[in-house]
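*Asks:*
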Amino acid sequence: MKQLQKGFSLVELLVVVAIIGVLAGVGIVGYQSYTDSAKSRVAIANYNSVKRFIETELTLLNNQIQTTSGAINAYDTNCAGSTTKFDNTANNAANNLGAFLQGIVCYFATDGYGNVFKNPYATDGASQVVYNGSATTKGTINIRLITAAEVTAGTAAGATISAGQADAATVTADGDFIVTYYGTAGTESTTGDEKGKVFTLQ
Numbered sequence: 131m132k133q134l135q136k137g138f139s140l141v142e143l144l145v146v147v148a149i150i151g152v153l154a155g156v157g158i159v160g161y162q163s164y165t166d167s168a169k170s171r172v173a174i175a176n177y178n179s180v181k182r183f184i185e186t187e188l189t190l191l192n193n194q195i196q197t198t199s200g201a202i203n204a205y206d207t208n209c210a211g212s213t214t215k216f217d218n219t220a221n222n223a224a225n226n227l228g229a230f231l232q233g234i235v236c237y238f239a240t241d242g243y244g245n246v247f248k249n250p251y252a253t254d255g256a257s258q259v260v261y262n263g264s265a266t267t268k269g270t271i272n273i274r275l276i277t278a279a280e281v282t283a284g285t286a287a288g289a290t291i292s293a294g295q296a297d298a299a300t301v302t303a304d305g306d307f308i309v310t311y312y313g314t315a316g317t318e319s320t321t322g323d324e325k326g327k328v329f330t331l332q
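If you're matching positions, the sequence shown starts at 131 in this note's numbering and goes up one per residue.
1) What does the alpha-carbon distance come out to for the pair Thr219 and Gly316?
2) Tell me whether the beta-carbon of Gly326 lies closer than 8 Å to the beta-carbon of Thr314.
3) My guess is that Ile174 and Glu324 are in contact by the Cβ rule of under 8 Å, so how many angstroms apart are they, rounded?
4) With DSSP as the reference, please indicate the residues paired to Leu331 in a beta bridge.
5) Just curious, the beta strand (DSSP E) that Phe238 is in, first and last residue?
6) Pick helix, strand or coil for Asn208, following the three-state DSSP scheme.
7) Give the DSSP-derived three-state secondary structure of Ile273 in the structure shown.
8) Straight-line CA distance for Gly263 to Asp254?
9) When you compare each of Gly157, Asn226, Asn203 and Lys136 to Phe238 by their alpha carbons, which one comes out closest?
10) In the DSSP assignment, find the alpha helix (DSSP H) that holds Thr282 and state where it starts and stops.
11) Tell me the rounded alpha-carbon separation between Thr282 and Ala229.
12) Based on the DSSP output, what are the partners of Tyr312 in its beta bridges?
13) Taking DSSP's pairing of strands, which residues face Lys248 in a bridge?
14) Given that a residue counts as buried once 16 or more other Cβ atoms are within 10 Å of its Cβ, and exposed if not, what is Phe247?
15) Pairing CB atoms from the segment 193-201 with CB atoms from the segment 162-179, are three or more of them under 8 Å?
16) What are the partner residues of Ala265, as DSSP defines its beta bridges?
17) From this set, Tyr261, Val172 and Thr266, which residue's C-alpha is nearest Leu275's C-alpha?
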């Protein structure tokens, strides 16, 4: 006598598929939250690294421990063509504030000569560090000049701004600038670890 083997019913299969769907949905939401958190941590860690790098370079240059930067090349038309180290004593157009700031950007650029910092939020693998950027994505680190309006307001990106800090890129001595972080697309953060920091190249 043949015994009939009983399989799963259609209803049982549908219940299993529904349970798998619910578990997958919860897993995807959890994974998305995890990846967003990881991107944020990487972006802010890079921001802090850039600020520390600038502090170190300025300590060496401003105190004349070294007169030529050991890490930063003076910017010259593009990152690949910037091969001469920034000379803080030259006080000429090739070694002005703009050449220093863009040299820092080239150090961290995807086509630069130092440590590459890609923006974890950028889908195109763009560099995280920019110079005087205006159309910026979340996670961007903007090394820029201070505006006259910010001097009037006394603040920029949460940092205190004093009179006389709105310098042009062409200044060759005592140039002030700010490094800011974009916590959201198009908006500089103003608080906590993400607030801006003002620096002076003497």
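Where a beta carbon is used, it is the ideal one built from N, C-alpha and C, also for glycine. Since this is a predicted model, take the numbers as computed values, not measurements.
*Replies:* If we stick to the structure as given:
1) Along the sequence shown, one-based indexing puts residue 219 at 89. Along the sequence shown, one-based indexing puts residue 316 at 186. Straight-line Cα distance between these residues: approximately 36 Å.
2) Within the sequence shown, numbered from 1, the residue matching residue 326 stands at position 196. Within the sequence shown, numbered from 1, the residue matching residue 314 stands at position 184. In this structure, Thr314 does not lie closer than 8 Å to Gly326 by Cβ.
3) As a position in the sequence shown, residue 174 is number 44, starting the count at 1. As a position in the sequence shown, residue 324 is number 194, starting the count at 1. Sure, about 7 Å apart at Cβ, within 8 Å.
4) By 1-based counting over the sequence shown, the position of residue 331 is 201. Beta-bridge pairing links Leu331 to Gly305.
5) Position 108 of the sequence shown, counted from the first residue, corresponds to residue 238. Where Phe238 is concerned, there is no enclosing beta strand (DSSP E), although the alpha helix (DSSP H) it sits in stretches over Leu227 to Phe238.
6) If you number the sequence shown from 1, residue 208 lands on position 78. The answer is strand: DSSP assigns Asn208 an E or B state.
7) Here the question's residue 273 lines up with position 143 in the sequence shown. Note: Ile273 maps to strand in three-state DSSP.
8) Residue numbering aside, residue 263 sits at position 133 when the sequence shown is read from its first letter. Residue numbering aside, residue 254 sits at position 124 when the sequence shown is read from its first letter. Going by the C-alpha atoms only, they are around 17 Å apart.
9) By one-based count along the sequence shown, residue 238 stands at place 108. In terms of CA proximity to Phe238, Asn203 leads the group Gly157, Asn226, Asn203 and Lys136.
10) Stepping through the sequence shown from its first residue, residue 282 is reached at position 152. Unbroken alpha helix (DSSP H) run through Thr282: Ala278 to Ala283.
11) Taking the sequence shown and counting its residues from 1, the one referred to as residue 282 is at position 152. Taking the sequence shown and counting its residues from 1, the one referred to as residue 229 is at position 99. Between Thr282 and Ala229, the C-alpha separation is close to 26 Å.
12) Looking up residue 312 in the sequence shown gives position 182. BP columns for Tyr312 point to Glu318.
13) Start at 1 with the first residue of the sequence shown, and residue 248 comes out as number 118. According to DSSP, which records beta bridges pairwise, Lys248 is partnered with Ser257.
14) Taking the sequence shown and counting its residues from 1, one reaches residue 247 at position 117. Buried, because 16 or more other Cβ atoms sit within 10 Å of the Cβ of Phe247.
15) no
16) Within the sequence shown, numbered from 1, the residue matching residue 265 stands at position 135. Paired residue(s): none; Ala265 is not in a bridge.
17) Indexing the sequence shown from 1 puts residue 275 at position 145. For the residues Tyr261, Val172 and Thr266, the minimum Cα distance to Leu275 belongs to Tyr261.
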